[in-house]
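Reviewing the structure listed below.
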Amino acid sequence: MSWKTLMKMMTDKYCPRNEIKKLEMEVWELKVKGTDLASYTQRFQKLALLCGRMFSEEADKIEKYVRGLPDMIHGNVVASKPKMMQEAIEIATELMDKKVRTFAERETASVTPPNWPAAEYWVRGVLPHGSTTQDIY
Numbered sequence: 000m001s002w003k004t005l006m007k008m009m010t011d012k013y014c015p016r017n018e019i020k021k022l023e024m025e026v027w028e029l030k031v032k033g034t035d036l037a038s039y040t041q042r043f044q045k046l047a048l049l050c051g052r053m054f055s056e057e058a059d060k061i062e063k064y065v066r067g068l069p070d071m072i073h074g075n076v077v078a079s080k081p082k083m084m085q086e087a088i089e090i091a092t093e094l095m096d097k098k099v100r101t102f103a104e105r106e107t108a109s110v111t112p113p114n115w116p117a118a119e120y121w122v123r124g125v126l127p128h129g130s131t132t133q134d135i136y
């Protein structure tokens with residue numbers, strides 16, 4: 000007996016039909032919240048196991064997973080044409096990590112002007128976050 004057959008038998012026997020319907024609705028509405036790709040991926044995988052009949056092919060599962068990704072990485076994951084679910088997850092994770100890193104680097108760069116030692120803020124009369132030394136006195 001295959002794993003898929005066993006899962007179907009267990010689901011049919013122990014999971015009420017109305018509960019499976021609720022989980023299927025959750026799958027259709029599931030999306031990444033902010034940049035929390037790990038939580039999205041974990042929840043998607045749990046739901047995909049319980050709602051196996053929604054995904055007759057691996058491609059169906061990949062398509063739905065990718066549909067829930069944010070626009071900033073969605074196109075790149077689609078363009079990579081993943082063939083396996085794990086490949087789609089790895090590509091999405093790599094892209095999201097890169098976006099988060101880039102965003103953090105930009106935020107850091109915007110707070111501290113390049114090559115200005117902290118003491119020079121006082122000499123120039125400018126403090127981080129756009130304040131001036133005159134604002135303090």
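Residue numbers (numbering that gives the first Met the number 0): 0 to 136.
We put the beta carbon where it would ideally sit given N, CA and C, even for glycine.
Note that this is a predicted model, so its numbers are computed, not measured.
Proximal residues to residue i (C-beta, below 6 Å), its chain only, five neighbours per side dropped
i     : result
Trp27 : none
Asp70 : none
Leu94 : Ile72, Asn75
Rounded distance between the beta-carbons of residue j and residue i, thought under 8 Å
i     : j     : result
Val99 : Leu68 : Rounded, the Cβ-Cβ distance is 14 Å, inconsistent with contact.
Val65 : Ala87 : 6 Å
Three-state class that DSSP yields for residue i in the structure shown
i      : result
Met95  : helix
Met71  : helix
Met84  : helix
Glu106 : helix
Glu56  : coil
Contact set for residue i: own chain, Cβ-Cβ below 7 Å, skip 5 residues either direction
i     : result
Ile61 : Pro81, Met84, Ala87
Asp79 : According to the sequence as given, residue 79 is Ser; it is not Asp. The residues are Ile90.
Thr40 : Ile88
Own chain residues within Cβ distance below 8 Å of residue i, not counting five before or after
i     : result
Phe54 : Ala47, Lys60, Lys63
Arg16 : none
Val77 : Val65
Lys3  : Gly51
(request) Please go through the stretch 3-54 and give each complete alpha helix (DSSP H) segment of 4 or more residues, from N-terminal end onward. (result) 16-28, 36-49
(message) Assess contact between the stretch 39-58 and the stretch 12-28, defined as three or more Cβ pairs (one per stretch) separated by less than 8 Å. Is contact present?
(response) yes
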